[in-house]
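Chains as they are written, first to last, in this note's numbering: chain A, 19 to 484; chain B, 38 to 759. Just so it is clear, CB atoms sit at the ideal spot from N, CA and C, and this is done for glycine as well. Bear in mind the structure is a predicted one, so any value in this text is a computation, not a measurement. Report on one structure; see the data block that follows.
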């Protein structure tokens with residue numbers, strides 16, 4: 019039998035040739051090469067320059083009980099809070115006092131978040147109150163009388179996570195708004211081998227666009243294929259390349275091959291870039307979240323060698339679905355967030371990128387104000403925080419409900435609070451900041467214009483000076 | 038619909054259209070194991086297995102494929118399904134003629150004026166029909182129709198008659214659906230009758246057996262593959278149904294009895310021992326699939342006995358009835374803790390306390406009916422606006438949350454007459470949760486579909502378990518449950534994108550096992566594994582077919598196929614970090630949504646094609662590489678061992694492969710058969726063979742075999758199973 023010898027070129031050389039040649043074939047080995055062609059013709063890329071910006075999404079998966087993260091402290095408000103939350107209510111001494119200059123009201127931050135409180139007071143951090151998924155502006159009457167379309171699968175984890183990722187709660191979409199933003203902005207980066215969207219928590223909808231998929235890292239950086247780069251393993255490299263370059267009829271095989279070849283192409287390059295950075299003096303906590311934020315900070319530090327002008331990062335913290343043990347569990351988990359985020363911020367300060375990196379939190383939903391005896395159940399609007407990027411911090415954006423007694427004018431039932439700020443407004447603010455033009459905003463956030471006049475001078479929340 | 042012939046005539050006032058066609062759905066009524074697009078029963082009846090679909094052996098103008106669909110003789114140029122030219126009489130009547138093949142039935146249908154179609158049946162017997170139609174004023178239509186699959190069991194009517202089945206009864210041939218029964222007959226090696234002739238039964242070849250075992254087991258060596266080629270698939274399944282379960286908990290209980298520390302890795306080793314040594318190959322496979330639907334996770338449950346007992350519960354229910362399964366799942370203390378209905382109390386509005394909604398939500402969304410109303414074939418029922426219809430709303434969840442109140446510890450020491458026992462009974466990991474009536478909500482409950490549970494005041498005989506049983510009955514009998522559960526199981530075992538017809542056939546088996554029993558898992562499993570969509574080679578050419586093998590399943594297959602073993606006979610398999618590296622580990626899902634979701638569709642060509650690919654949710658730049666490196670470690674160096682003693686390290690047994698190294702093609706073919714079910718393309722084989730020549734001179738034989746194994750394990754042809 020006649021044997022074929024494996025092709026002798028290396029994958030990387032071949033890609034180099036491809037990108038120089040006119041791109042005529044669709045059998046590309048990295049679809050990232052193709053982006054300039056497939057992006058919408060009218061998409062507005064950034065003006066040339068060498069500025070840098072990065073968004074970091076910290077997703078608290080499972081539904082953070084955020085009505086215990088940010089608590090009203092005005093006398094009447096606190097009393098209603100305590101009555102409604104009953105055995106889940108925090109005491110005054112468990113709260114760190116802050117003031118919101120916008121409303122003039124006093125609030126308390128969970129005592130596990132002292133560093134977050136400091137960042138709030140130093141003006142680097144802001145809260146966004148009672149934000150959640152909405153299809154259109156909606157009142158409690160609309161909900162009660164079924165007059166407004168509501169997010170599909172309200173109160174369900176998988177659906178609400180999907181909606182927070184896609185910002186299109188009127189459909190079940192597996193395309194995320196940061197993915198679509200990256201579809202448009204990716205050509206800003208000179209590097210076409212590594213996605214501008216990097217995930218420390220594997221695949222996710224948020225960062226998956228129509229063309230872009232997130233590039234996945236571990237706390238140790240990229241995982242490379244054993245032996246692939248070793249001199250003695252040329253046979254292996256050749257065979258691996260041939261197996262991946264083969265034309266497959268099966269769509270599943272095509273996609274499997276593509277994920278593997280993209281990983282091989284990107285891995286060595288990425289690791290050599292982060293190996294070259296100056297180590298941080300900041301010590302990151304030795305927690306899962308701390309180490310993942312350290313790798314994000316390292317990737318940001320390596321933006322030069324990686325040839326990145328815009329980047330989006332995603333990291334998920336699991337285990338916030340506190341049907342039971344909410345008080346104890348949340349105490350420890352918020353402390354982990356507090357330490358990790360604070361270390362991340364010191365590293366960003368070391369890099370001098372305080373105005374160029376924005377970290378924001380997101381979560382499936384807040385939880386019922388009322389207790390199930392052990393914890394709280396799935397609800398709707400909740401609170402998030404945003405750090406950095408030159409925002410006007412030390413204040414609370416959106417509207418924190420003034421009355422948390424049951425059957426208040428936002429209570430859908432059991433203390434499920436109707437959001438007063440939509441995820442579209444929240445993300446519209448961030449999308450503008452990272453550089454999505456007004457022309458492209460409707461593509462990235464198709465429902466945004468239901469809540470905000472695109473083209474306005476200021477963003478939907480007015481958080482960032484433009 | 039395939040139109041076979043049409044003759045059109047306009048004649049004075051009388052307009053006649055006559056045509057002949059196969060009824061709708063013909064393309065799916067097919068048993069075609071060899072994947073040549075010719076129906077297998079027809080091939081046997083006419084001795085036509087050597088023909089090609091696109092050929093026309095008898096030159097009658099009708100392709101062999103069409104003849105197999107219409108049941109006509111491909112070697113007889115007079116035998117084809119087509120109307121002859123019409124002939125007319127002076128009185129205006131006309132004559133229809135067509136050839137009626139053996140065992141085929143035809144409906145002559147006429148439509149005159151505005152009347153509805155009238156039909157008369159003609160039974161073919163290898164002869165020509167001739168029938169006269171009287172004249173009529175006004176437009177007339179006449180057509181000849183072959184009802185292709187009257188009972189929608191996936192087997193065409195004429196083939197059912199050839200096999201002695203009833204074409205109007207999907208369960209006419211036994212305790213499995215007719216398609217499964219036909220596939221069993223065709224592949225079990227026993228003689229059977231087609232028409233009036235007795236034919237020798239076939240047995241699966243090695244490739245077909247390997248493919249079957251890739252679906253029906255967690256791994257199989259050459260011996261097991263050969264066994265299937267000797268007894269056939271249906272018999273193998275029947276044997277497996279009788280295998281005793283290889284349970285995990287006894288080994289854990291023994292450790293506890295011996296006062297030894299017991300951790301996750303001990304439970305893992307106990308499970309691995311069963312996977313590697315127990316004879317219940319099919320049961321182990323089904324239980325693992327069930328563990329990815331009825332999810333609990335040792336990420337949050339730190340009770341080795343409870344986790345082991347839960348898995349054993351899945352093993353015990355694998356061949357039972359779904360109704361028992363869902364009850365055992367519901368009442369299991371491990372599930373109670375995982376989804377927090379353990380110690381769930383009835384409402385106390387005075388202190389704003391309401392029942393926990395967690396289990397109520399997930400039992401519907403993930404375990405039984407899903408989010409939307411479904412047809413029996415798993416497609417969504419749409420409303421007038423074309424939108425899917427939610428199967429329940431949040432009010433239904435809060436109501437059902439009240440059903441699952443009052444549950445707490447079970448076991449002999451839990452005294453439900455003692456109110457404090459609800460809070461303070463000792464944990465019993467092995468016993469179903471008990472119910473404290475005083476903590477149970479006794480008000481009336483309006484469940485889905487108008488089913489109401491009466492208040493205990495109105496029905497003094499009622500107790501809490503009645504609420505739970507009635508609720509589980511409601512879910513069991515909900516029309517969504519058969520297609521919802523069937524699809525999930527098909528996705529775990531066979532393909533990510535089953536056709537609606539396939540789902541419909543498995544649903545039918547769920548609804549009725551042939552003896553009127555609903556929820557019989559044996560019937561469901563047979564319907565899944567003995568379906569044309571699981572068995573036909575035609576899927577090899579289908580760009581949508583198959584599934585990405587879960588990384589952990591690839592890992593198990595490697596370990597099991599090569600009978601990994603240690604000196605001391607333990608299975609201390611070092612995979613405690615695979616949930617990080619591969620994104621998967623036994624019983625260690627990150628959430629109740631499993632490692633990946635059944636509707637995950639990676640953006641790009643898969644999503645654009647309207648397909649899903651659940652396992653791609655955990656295929657990233659990180660996991661893809663780490664998975665291969667994990668395999669590499671095991672293949673190249675051995676693996677495992679954590680008892681601080683070298684003798685518990687494991688090695689794959691590859692001596693057979695070393696013997697084949699002198700014949701590299703044999704080596705690659707063997708790995709193709711064992712791992713890739715014969716699905717390595719020639720191009721992939723050539724690539725791997727070519728690499729052997731390029732290996733360094735200093736490579737030992739072991740190095741060479743290891744390298745070849747790595748490449749097979751890496752190849753898309755292995756990683757995607759079709």
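- Per DSSP, residue 252 of chain A is one residue of the alpha helix (DSSP H) stretching across 252 to 263.
- The beta carbon of residue 427 of chain B sits closer than 7 Å to those of 408 and 409, all from its chain and outside the five residues before and after it, given in chain order.
- Here residue 153 of chain A carries a coil assignment [DSSP, helix/strand/coil].
- Under DSSP, the beta-bridge partners assigned to residue 124 of chain A are A/117.
- Counting only runs that start and end inside the region 142 to 220 of chain A, the alpha helix (DSSP H) elements of at least 4 residues fall at 158 to 162, 175 to 184 and 195 to 203.
- When DSSP states are grouped into helix, strand and coil, residue 646 of chain B belongs to the coil group.
- Between residue 201 of chain B and residue 230 of chain B a beta carbon distance of about 6 Å is seen, short of the 8 Å cut, so the two are scored as contacting.
- The straight-line gap separating the alpha-carbon atoms of residue 216 of chain B and residue 539 of chain B is approximately 11 Å.
- Within the same chain, Cβ atoms closer than 7 Å to the Cβ of residue 631 of chain B are found at 329 and 332, the five residues on either side in sequence being excluded.
- Annotation: residue 531 of chain B to residue 382 of chain A spans about 32 Å, alpha carbon to alpha carbon.
- At a cut-off of 8 Å between beta carbons, residue 181 of chain A makes no contact with chain B.
- Note: residue 135 of chain B is bridge-paired with B/120 and B/166 in the DSSP secondary-structure output.
- The beta carbon of residue 102 of chain A falls within 8 Å of a beta carbon belonging to chain B, placing the residue at that interface.
- What residue 458 of chain B touches in chain A, judged by beta-carbon distance under 7 Å, is nothing: the nearest beta carbon there is about 16 Å away.
- The contact set of residue 402 of chain B on chain A, defined by CB atoms closer than 7 Å, consists of 174 in chain order.
- Per the coordinates, the alpha-carbon of residue 392 of chain A lies some 37 Å from the alpha-carbon of residue 610 of chain B.
- Counting only Cβ-Cβ distances below 7 Å, residue 551 of chain B has no contacts in chain A at all, with the closest Cβ about 34 Å away.
- Put simply, the CB of residue 694 of chain B is far from chain A, with every gap to its CB atoms at 8 Å or more.
- Beta-bridge partners assigned by DSSP to residue 380 of chain A: A/77.
- The beta-carbon distance between residue 77 of chain A and residue 401 of chain A, rounded to whole angstroms, is 15 Å. This is too long to meet the 8 Å contact definition.
- Around the beta carbon of residue 461 of chain B, a 10 Å sphere encloses fewer than 16 other beta carbons of the protein chains shown; the residue is thus reported as exposed.
- Cβ-Cβ distances below 7 Å link residue 500 of chain B to 474 in the same chain, with the five nearest sequence neighbours on each side left out; the list follows chain order.
- Considering only A/363, A/66 and A/101, the residue with the shortest C-alpha distance to residue 388 of chain B is A/101.
- Taking 8 Å as the Cβ-Cβ cut-off, the region 699 to 723 of chain B approaches chain A at 702, 718, 720, 721 and 723, given in chain order.
- DSSP lists B/688 as the bridge partner or partners of residue 602 of chain B.
- Around the C-beta of residue 471 of chain A, fewer than 16 other C-beta atoms lie within 10 Å, and the residue is accordingly described as exposed.
- Judged by beta-carbon spacing, residue 555 of chain B lies beyond the 8 Å limit of residue 334 of chain B, meaning their Cβ atoms are not closer than that value.
- If you draw a straight line from the Cα of residue 178 of chain B to the Cα of residue 142 of chain B, it comes to about 20 Å.
- The residue from B/564, B/370 and B/91 with its alpha-carbon nearest to that of residue 344 of chain B is B/370.
- Counting the other Cβ atoms within 10 Å of the Cβ of residue 97 of chain A gives fewer than 16, which makes it exposed.
- The beta-carbon of residue 666 of chain B is placed less than 8 Å from the nearest beta-carbon of chain A.
- Not a single C-beta of chain A is nearer than 8 Å to the C-beta of residue 422 of chain B.
- In the structure shown, residue 291 of chain B falls within a helical segment according to DSSP collapsed to helix, strand and coil.
- Only buried fits residue 528 of chain B, as 16 or more other CB atoms lie within 10 angstroms of its CB.
- Put simply, the backbone Cα of residue 731 of chain B is about 17 Å away from that of residue 720 of chain B.
- At a cut-off of 8 Å, the C-beta of residue 391 of chain B has a neighbouring C-beta in chain A.
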